[in-house]
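Take a look at the structure below.
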Amino acid sequence: MKAICWEGINKVSTERVPDPTILNPRDAIVRVLLSSVCGSDLHLLGGYIPAMRSGDIIGHEFMGEIVEVGPEVKKFKKGDRVVVCSVLACGGCEYCQREEYSLCDNSNAEPEWTEKAYGYPVAGIFGYSHALGGYAGSHAEYTRIPFAENTCFKVPDGVSNESALFTSDAFPTGYMAADFAGIEPGDTVVVWGAGGVGLMAMHSAWLLGAGRVIAIDQYPYRLEQARSRANAEVLNFREVDVLQALKEMTGGRGPDRCIDCVGMEANSTGIERIYDYAKQYARLQNDRPAVLRQAIMACRKGGTVSIIGVYGGFIDKFPMGAAMNKGLTFRMGQQFGQRYIPKLLDIVAKGEVDPAYLLTHKLSLDMGQEGYMMFKEKTNNNMRSVFAPAG
Amino acid sequence: MANTSKTFTPPSSKRSENQEPTENFTNVGTPGRIFSLLGGTALAYYGWKKKDSSLGKSLTTAGAYLLLRGVSGFCPVNKALQIDTAHADFEGFEVTSSVTILKPRNEVYQFWRQLENLPKFMEYLKSVKQIDDKRSHWVAKVPKNIISKETLSTVAWDAKIEQEEENNRIVWRSEPNSEVENSGEVRFTDAPANRGTVVQATISYHPPFGVAGELAAKLLNPAFKELVKQDLRRFKRLLEAGEIPTIIGQPSGRKDENY
Numbered sequence: 001m002k003a004i005c006w007e008g009i010n011k012v013s014t015e016r017v018p019d020p021t022i023l024n025p026r027d028a029i030v031r032v033l034l035s036s037v038c039g040s041d042l043h044l045l046g047g048y049i050p051a052m053r054s055g056d057i058i059g060h061e062f063m064g065e066i067v068e069v070g071p072e073v074k075k076f077k078k079g080d081r082v083v084v085c086s087v088l089a090c091g092g093c094e095y096c097q098r099e100e101y102s103l104c105d106n107s108n109a110e111p112e113w114t115e116k117a118y119g120y121p122v123a124g125i126f127g128y129s130h131a132l133g134g135y136a137g138s139h140a141e142y143t144r145i146p147f148a149e150n151t152c153f154k155v156p157d158g159v160s161n162e163s164a165l166f167t168s169d170a171f172p173t174g175y176m177a178a179d180f181a182g183i184e185p186g187d188t189v190v191v192w193g194a195g196g197v198g199l200m201a202m203h204s205a206w207l208l209g210a211g212r213v214i215a216i217d218q219y220p221y222r223l224e225q226a227r228s229r230a231n232a233e234v235l236n237f238r239e240v241d242v243l244q245a246l247k248e249m250t251g252g253r254g255p256d257r258c259i260d261c262v263g264m265e266a267n268s269t270g271i272e273r274i275y276d277y278a279k280q281y282a283r284l285q286n287d288r289p290a291v292l293r294q295a296i297m298a299c300r301k302g303g304t305v306s307i308i309g310v311y312g313g314f315i316d317k318f319p320m321g322a323a324m325n326k327g328l329t330f331r332m333g334q335q336f337g338q339r340y341i342p343k344l345l346d347i348v349a350k351g352e353v354d355p356a357y358l359l360t361h362k363l364s365l366d367m368g369q370e371g372y373m374m375f376k377e378k379t380n381n382n383m384r385s386v387f388a389p390a391g
Numbered sequence: 001m002a003n004t005s006k007t008f009t010p011p012s013s014k015r016s017e018n019q020e021p022t023e024n025f026t027n028v029g030t031p032g033r034i035f036s037l038l039g040g041t042a043l044a045y046y047g048w049k050k051k052d053s054s055l056g057k058s059l060t061t062a063g064a065y066l067l068l069r070g071v072s073g074f075c076p077v078n079k080a081l082q083i084d085t086a087h088a089d090f091e092g093f094e095v096t097s098s099v100t101i102l103k104p105r106n107e108v109y110q111f112w113r114q115l116e117n118l119p120k121f122m123e124y125l126k127s128v129k130q131i132d133d134k135r136s137h138w139v140a141k142v143p144k145n146i147i148s149k150e151t152l153s154t155v156a157w158d159a160k161i162e163q164e165e166e167n168n169r170i171v172w173r174s175e176p177n178s179e180v181e182n183s184g185e186v187r188f189t190d191a192p193a194n195r196g197t198v199v200q201a202t203i204s205y206h207p208p209f210g211v212a213g214e215l216a217a218k219l220l221n222p223a224f225k226e227l228v229k230q231d232l233r234r235f236k237r238l239l240e241a242g243e244i245p246t247i248i249g250q251p252s253g254r255k256d257e258n259y
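Keeping their order, the protein sequence lines are chains A and B. Heads up: the first sequence begins at 1 in full-length UniProt numbering, then just goes up one per residue. Heads up: the second sequence begins at 1 in full-length UniProt numbering, then just goes up one per residue.
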């Protein structure tokens, strides 16, 4: 089959690879219909996530059709149309029992990496480096799905492939960010990053009772999506002083809930930008935490900072004093997809939110490099490049 | 059913039992005493040469302490820490590792007690066959080297369950004159707050080649510890997830590699 493989920094290539087979009793094989790029892939592409190996098949946000099931898979049969959660969870460990699925003890096939780096191993994720299990990703004609009964969710009739696709990752991730923010009725919620996950966090903030949603980004076309699709007020950090603007907009109180949907490769301005780039380039810090710093400074006293943008390693100049003395609450984590996907499919089926607008460019698997570069460079008003292996 | 103690002291720990100095004064082994004599002399000499500086005074004091330790065989620090290296015999490698499994204790115990199950999660075991209720025949794979998973040959031995307390503890040991002398103890206790069962395994292996074997064993001990830890992790995965997650055999863009 054809698959998009990571070859090195900012280089992917479409290769002929063997078809996947059932390896464990709880596996299934899915014929991929749609597979999206994700902002977190850019960290892999940029070489900021260690443990990538040349030839790894990438991609983790996808939907498709079941073509084969292992002997322990009873819930699905051949032909079922399913959306696949990006995060793998065994269902039997203490964390899965608590619905903290991305903390699963057992789903990472190469647990030694994160056990050494983070103290304990974390869950496996499709196509997201050997630190997170080394699982072959979804930018391929077929993908093997471990723990299929926990990983696949039937797409309700009447929901299109395009609308279902983003309940795999962007929507549940954004929803979890809003959920973790602890929004109370009427709260002002600020979302840094108006990409797929950020936009979904904005929709979710409204669903959870926000009184006001403010989006921050640097790309006018993305801020336009935030304004028109997610009904957000918008700030371009290239044009305004974000901290001052947020204070003005909230009568000097500051926003109640601050959501970081950007993560480790934040862009910033001025001296902070030079400082972070230099330290990251010299590998003195893995991550550029400009958004996180700004969220902490912006947040009102006693407010919440919810972090869903991905961080990998160490950060520098973390304003701990501000966080501590303002009594902030921090919540963070990779998505607990299995907890949210059924509810979100329901929301999509009812038409309350239709994430299909994120799909701006549908491409064949042969267009891997172009699809990623368009997404990385934000050209052609790209929100998400989505590969459609079956055409 | 025996009382399961809350704290566990591995059988290998060489802590002396509150010895009175009059009864058994020596608590530093011969290599330690030689080191102390040589090091102490050197430090005292350099310290004396620089005796006017504060560094020199510190060195002289440290040297004098080591000399005392070397000549007398008594170390006040060892005494305070209850360490006795004079009376420790090398007993092969022995490692202890534990894991928590979200399953009832009897289920976890029964799975292990069915010794034929062990190769399902112990990477280097090929098979275990029960001969009778207490005795069993074990076959292990010998890897080419510690990193390679290629099997070079196999090695076999008979083992006997020496003690067992249902749902609490299993102790086994290879029969005398086995090619691979080894023993193990695995303990099962309830984790707090309904978090399942804590499985703690102590596995020991006696190298066959005397002093050279001892040295090799000491060098390999970290790898052996990792091996036991991995086996326990696979045990947990098999019971909680029903299978052991793998990527071996999946496609990739790498030629000549199956993961």
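Where is the CB? At the ideal position from N, CA and C, for every residue including glycine.
Contact check, residue i vs residue j, beta carbons under 7 Å
{"i": "leucine 132 (chain A)", "j": "glycine 249 (chain B)", "result": "no"}
{"i": "residue 413 (chain A)", "j": "leucine 33 (chain A)", "result": "As displayed, chain A neither begins before 1 nor continues past 391, which places residue 413 (chain A) out of reach and without an answer."}
{"i": "tyrosine 120 (chain A)", "j": "isoleucine 247 (chain B)", "result": "no"}
{"i": "glycine 55 (chain A)", "j": "serine 252 (chain B)", "result": "yes"}
{"i": "leucine 223 (chain A)", "j": "alanine 201 (chain A)", "result": "no"}
{"i": "isoleucine 66 (chain A)", "j": "valine 30 (chain A)", "result": "yes"}
{"i": "histidine 361 (chain A)", "j": "asparagine 382 (chain A)", "result": "yes"}
{"i": "valine 348 (chain A)", "j": "valine 159 (chain A)", "result": "yes"}
Reference residue i, options the options, closest by Cα
{"i": "arginine 169 (chain B)", "options": "B:Leu232, B:Lys225 and B:Gly184", "result": "B:Gly184"}
{"i": "histidine 206 (chain B)", "options": "B:Leu125, B:Asn167, B:Leu102 and B:Asn221", "result": "B:Asn221"}
{"i": "proline 172 (chain A)", "options": "A:Cys85, A:Leu208 and A:Tyr219", "result": "A:Cys85"}
{"i": "phenylalanine 387 (chain A)", "options": "A:Asp217, A:His139, A:Gly312 and A:Lys279", "result": "A:His139"}
{"i": "glycine 186 (chain A)", "options": "A:Leu207, A:Thr379 and A:Tyr175", "result": "A:Leu207"}
{"i": "isoleucine 214 (chain A)", "options": "A:Ser40, A:Asn231 and A:Ile347", "result": "A:Asn231"}
{"i": "asparagine 161 (chain A)", "options": "A:Ala178, A:Glu265 and A:Phe62", "result": "A:Phe62"}
{"i": "isoleucine 4 (chain A)", "options": "A:Pro111, A:Gln225, A:Ala295 and A:Asp366", "result": "A:Asp366"}
{"i": "glutamate 175 (chain B)", "options": "B:Val142, B:Ser136 and B:Asp256", "result": "B:Ser136"}
{"i": "glutamate 94 (chain A)", "options": "B:Glu162, B:Val99, B:Glu164 and B:Asp256", "result": "B:Val99"}
{"i": "glycine 312 (chain A)", "options": "A:Ile259, A:Tyr128, A:Tyr357 and A:Lys75", "result": "A:Tyr128"}
Environment of residue i [buried if 16+ CB atoms lie within 10 Å]
{"i": "isoleucine 341 (chain A)", "result": "buried"}
{"i": "glutamate 184 (chain A)", "result": "exposed"}
{"i": "glutamate 23 (chain B)", "result": "Here glutamate 23 (chain B) scores only 45 on pLDDT, less than 50, and its place in the model should not be relied on; the value that follows carries that caveat. Looking at its Cβ environment, which holds fewer than 16 other Cβ atoms inside 10 Å, glutamate 23 (chain B) is exposed."}
{"i": "aspartate 231 (chain B)", "result": "buried"}
{"i": "arginine 384 (chain A)", "result": "buried"}
{"i": "residue 407 (chain A)", "result": "Shown here, chain A extends from 1 to 391; a query on residue 407 (chain A) therefore has no answer."}
{"i": "methionine 176 (chain A)", "result": "buried"}
{"i": "serine 168 (chain A)", "result": "buried"}
Residues sharing a beta bridge with residue i, DSSP
{"i": "alanine 177 (chain A)", "result": "Paired residue(s): none; alanine 177 (chain A) is not in a bridge."}
{"i": "glutamine 130 (chain B)", "result": "B:Ser136"}
{"i": "cysteine 5 (chain A)", "result": "A:Ser13 and A:Ile57"}
{"i": "phenylalanine 153 (chain A)", "result": "A:Val83"}
{"i": "valine 305 (chain A)", "result": "A:Cys258 and A:Phe330"}
{"i": "threonine 202 (chain B)", "result": "B:Thr96 and B:Glu185"}
{"i": "tyrosine 101 (chain A)", "result": "DSSP output for tyrosine 101 (chain A) lists no bridge partner at all."}
{"i": "glutamine 335 (chain A)", "result": "Paired residues: none, contrary to the question."}
{"i": "isoleucine 170 (chain B)", "result": "B:Glu164 and B:Val186"}
Residue i at chain B interface by Cβ criterion, 7 Å
{"i": "cysteine 152 (chain A)", "result": "no"}
{"i": "leucine 199 (chain A)", "result": "no"}
{"i": "alanine 148 (chain A)", "result": "no"}
{"i": "serine 364 (chain A)", "result": "no"}
{"i": "asparagine 106 (chain A)", "result": "yes"}
{"i": "tyrosine 95 (chain A)", "result": "no"}
{"i": "asparagine 380 (chain A)", "result": "no"}
{"i": "arginine 144 (chain A)", "result": "yes"}
{"i": "isoleucine 31 (chain A)", "result": "A small correction: the amino acid at residue 31 (chain A) is arginine; isoleucine does not occupy that position in the sequence shown. No, arginine 31 (chain A) lies away from the interface with chain B (no Cβ there is under 7 Å from its Cβ)."}
{"i": "asparagine 24 (chain A)", "result": "yes"}
{"i": "glutamate 115 (chain A)", "result": "no"}
{"i": "valine 87 (chain A)", "result": "no"}
{"i": "valine 17 (chain A)", "result": "yes"}
Test: residue i CB closer than 7 Å to a CB of chain A
{"i": "alanine 201 (chain B)", "result": "no"}
{"i": "isoleucine 247 (chain B)", "result": "yes"}
{"i": "serine 98 (chain B)", "result": "no"}
{"i": "serine 252 (chain B)", "result": "yes"}
{"i": "glycine 240 (chain B)", "result": "The sequence given here has glutamate at residue 240 (chain B), not glycine. True, the Cβ-Cβ gap to chain A drops below 7 Å."}
{"i": "glutamate 107 (chain B)", "result": "no"}
{"i": "threonine 189 (chain B)", "result": "no"}
{"i": "arginine 237 (chain B)", "result": "yes"}
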